[in-house]
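In my numbering, the protein residues as written are 1 to 863.
Below, the structure written as structure tokens:
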């Protein structure tokens with residue numbers, strides 16, 4: 001059985017479980033908002049945690065996924081191992097299947113064995129199994145039902161007990177290991193042998209109990225199955241390659257790093273090999289993180305992303321690459337993984353731009369910072385003061401400084417660095433008591449919350465509010481500041497709705513607010529520039545939002561709710577929101593659906609939404625208990641997280657959703673809704689764009705203007721006469737084209753006779769410039785149709801920049817036109833269809849090689 005590649009393994013895995021009653025659930029974003037969610041999704045179960053916790057009833061009993069994952073933070077931080085081991089990656093894909101109270105151990109184990117041995121092609125004689133030391137049932141199934149020899153089943157303790165955390169669902173697990181052979185280490189199975197020899201590639205978790213805070217267990221109401229296996233690790237074993245970097249999932253990105261650096265992979269220099277592997281790994285990581293909406297910054301996820309980009313740039317720099325590399329790495333990832341994740345193709349330019357800008361920032365200080373670090377490395381150690389200066393002045397994440405120091409065998413005084421960082425934070429706290437807190441990153445924001453509390457949001461009822469400046473911090477971009485108020489009417493970006501803009505004015509100056517986001521939950525961050533004078537911490541100010549912009553956003557947000565309701569009415573209740581963007585100019589709405597929405601269905605969605613708008617029912621927003629909201633049938637928005645008290649928005653009597661955004665007071669205020677586009681963004685995921693209010697009116701006015709202009713050009717007296725006028729013009733154009741074609745045929749026939757007269761042994765090879773491909777083909781056919789001609793090859797340039805080629809042969813000549821034209825096309829830097837029998841055309845790029853190409857064909861034809 002041939003080894004599966006990445007795309008075919010994804011399909012084979014999901015198809016196998018779909019055929020066995022599982023719902024194929026698309027990969028979730030890398031960032032989830034559940035309170036227990038890690039910084040980045042690091043396991044397939046993350047998106048199902050509400051079902052596993054019993055917080056929500058699962059919408060299906062069985063599920064299967066291929067989940068994108070990142071492990072670069074927290075306890076699952078594999079950065080120290082990247083590029084050095086067989087199987088560690090920062091970005092990877094997790095294969096998984098789940099049972100939510102449906103099947104359990106026996107069926108899970110039977111399906112796992114069938115998939116491994118009969119579909120994926122693993123040699124069953126090389127597979128070992130581990131079970132928890134208390135799990136007699138699992139061992140018995142493997143031994144008696146599956147037939148795995150008892151000698152290849154081993155019992156382990158905590159290694160085979162899975163738990164979500166200190167409390168929550170947990171249970172024993174069973175792992176499948178592959179024996180890679182004696183060249184990889186000592187025998188003894190997973191319990192005693194080498195980890196590089198016995199590679200665990202699939203973990204089957206049997207959740208049957210709940211751990212209480214005191215450590216005691218209670219049985220779960222229903223038993224669940226949660227499995228996971230790294231796609232790249234499967235490929236490594238199936239393809240028989242030494243590391244995950246040598247699989248078809250990652251090797252093309254390593255090859256990109258080779259091309260960028262002009263260094264050869266596996267040429268005997270392990271330092272170079274490690275660098276190439278990490279660059280290839282980070283190409284995927286940075287691309288997918290940015291694609292999921294994270295931008296480089298000095299906090300949280302953005303800080304992790306910044307480290308990924310800067311590490312890749314730094315390693316390339318160490319390999320001698322001084323030119324920008326970000327776009328190449330992103331585009332290589334998009335090309336390689338765009339089939340599985342089509343949203344990468346849609347967002348490619350945006351991703352490349354984000355990475356390029358971060359790389360440019362880093363390269364401006366890389367040389368200077370590297371020189372400072374090099375001087376320190378020559379002393380044999382890196383002081384905490386130097387590491388702090390590199391971090392604070394040059395933007396070197398301390399983790400990168402630590403990596404470089406480790407590579408050179410020079411210890412880093414991490415304790416000294418941490419001490420200086422703590423002193424800086426204390427200075428920030430002290431300064432914040434009288435002026436403003438010069439905090440750094442997420443810890444600084446949390447400090448603001450600790451000292452001043454969260455921001456009171458007044459924007460549901462006010463467009464302008466009196467407030468006090470809590471702190472002003474320098475922004476990431478030069479000339480910008482981050483402003484924190486005790487209360488604000490500015491909505492912080494969230495739930496798909498963009499942040500507000502406007503002004504903050506004091507007695508001494510004015511700040512123009514460019515955007516509003518949440519620095520940490522509950523803390524509004526106003527990104528601003530100084531427009532006039534100055535504003536300082538402690539001042540009383542007036543915070544005013546751009547009312548016209550907010551009104552447009554409100555219309556679009558309530559319009560999003562109506563479209564959600566209308567889509568469910570037309571397509572079915574399976575439609576669920578999967579993301580949205582609500583701005584002032586348009587709205588974007590992502591939803592789950594199995595096929596393209598037809599024009600008729602879109603028209604009906606639009607009609608239903610506008611019907612509700614014309615009814616002008618009131619829009620109500622109120623807070624209530626989560627249990628009451630659920631009982632009333634409120635729909636939850638994708639990506640939001642909710643507490644015990646939730647905000648319900650009723651858009652008329654048809655739509656009820658949980659939402660923290662701003663909305664109109666009555667549906668009539670939305671104005672007309674117009675759906676402008678519907679498209680696919682992934683497997684079973686659709687996206688629509690729409691306009692409301694002034695946006696729709698502008699759209700109508702623009703198209704009316706286009707129609708009026710078209711009517712004038714088509715000489716139609718009124719716009720409604722345009723279709724008939726265009727039809728007449730098309731008929732006239734067709735007649736002229738037919739006439740031109742006839743004239744060209746006559747010209748070709750005349751010139752064909754002339755060329756045929758120059759034939760040698762029935763062969764004509766000639767150059768004809770100024771003719772496009774079709775014209776050259778017509779001429780070649782005309783020559784071939786003359787008596788005694790068995791083969792014709794013509795070439796020329798239609799415009800001095802491109803090459804056109806055409807060949808035609810008689811049916812009884814024994815020649816193939818495609819072979820002649822491809823021979824000539826290759827010489828001119830082009831190509832064609834070598835199998836075309838009687839007539840063939842091709843193109844080329846190098847005009848200077850036309851005569852050489854014709855000479856080659858003459859030689860082939862014996863002239």
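For every residue, glycine included, the Cβ atom is placed at its ideal position computed from N, Cα and C. Keep in mind it's a predicted model, so treat the numbers as computed, not measured.
DSSP links residue 688 through a beta bridge to 589, 678.
Only residues of its own chain outside the window of five on either side were considered, and among them 513, 544, 545, 546 have a CB closer than 6 Å to the CB of residue 502, listed in chain order. The DSSP assignment places 62-70 as complete runs of the beta strand (DSSP E) inside the region 26-92, in order along the chain (cut-off: 3 residues).
With a 10 Å radius around the Cβ and a threshold of 16 neighbouring Cβ atoms, residue 700 comes out exposed. Looking from the CA of residue 665, the closest CA among 621, 656, 687, 148 belongs to 621. Taking a 10 Å sphere around the C-beta of residue 460, we find fewer than 16 other C-beta atoms and assign the residue as exposed. In the displayed model, residue 336 falls within a helix according to three-state DSSP. When the beta-carbon positions are compared, residue 384 and residue 413 come within less than 7 Å of each other. Contact check for residue 795 and residue 824: beta-carbon distance about 6 Å, within the 8 Å limit, so the pair qualifies. Secondary structure at residue 474: strand, using DSSP grouped into helix, strand and coil. In this chain, the alpha helix (DSSP H) harbouring residue 401 covers 398-407. In the three-state reduction of the DSSP assignment, residue 626 falls in the helix class, which pools H, G and I. One thing to note: residue 228 has its Cβ within 7 Å of the Cβ of residue 44. Fewer than three Cβ pairs drawn from the region 246-263 and the region 56-64 lie within less than 8 Å of each other, which leaves the two stretches out of contact. Where residue 673 is concerned, there is no enclosing alpha helix (DSSP H), because DSSP gives it neither an H nor an E. Burial of residue 258 is indicated by the presence of at least 16 other C-beta atoms within 10 angstroms of its C-beta.
Between residue 92 and residue 116, the gap from beta carbon to beta carbon reaches 7 Å or more.
Note on residue 371: under 16 other CB atoms within 10 angstroms of its CB, so exposed under the neighbour-count rule.
Within the same chain, 327, 330 come within 6 Å of residue 352 by CB-CB distance, once the 5 residues on both sides are set aside. Shown here, residue 208 sits in a strand according to DSSP, grouped into three states. When only Cα atoms are considered, residue 836 and residue 71 end up about 52 Å apart. Between the alpha carbons of residue 84 and residue 274 lies a distance of about 6 Å. Each residue's CA atom was taken as its position, placing residue 134 and residue 89 some 32 Å apart. According to DSSP, residue 525 shares a beta bridge with 517.
In the three-state scheme derived from DSSP, where H, G and I count as helix and E and B as strand, residue 164 is classed as coil. The distance from the Cβ of residue 269 to that of residue 250 is about 19 Å, inconsistent with a contact at the 8 Å cut-off. Inter-segment contact for the region 211-220 and the region 142-157 is absent: fewer than three beta-carbon pairs are separated by less than 8 Å. Per DSSP, the continuous beta strand (DSSP E) segment holding residue 542 begins and ends at 540-545. Counting along the chain, no beta strand (DSSP E) covers residue 310; the unbroken alpha helix (DSSP H) around it starts and ends at 300-318. By DSSP's assignment, residue 500 forms no beta bridge with any residue.
Residue pairing by DSSP puts residue 224 in a beta bridge opposite 100, 207. The alpha helix (DSSP H) runs of length 4 or more contained entirely in the region 811-861 are, from start to end of the chain, 817-827, 850-860. With respect to the 7 Å criterion, residue 222 and residue 101 are classified as neighbours on the basis of their beta carbons. DSSP places residue 200 in the strand class (E or B) of the three-state scheme. By the neighbour-count criterion, in which 16 or more other beta carbons inside 10 Å mark a residue as buried, residue 310 falls on the buried side. The C-beta distance from residue 571 to residue 589 rounds to 13 Å, too long to fall under 8 Å, and the pair is not in contact.
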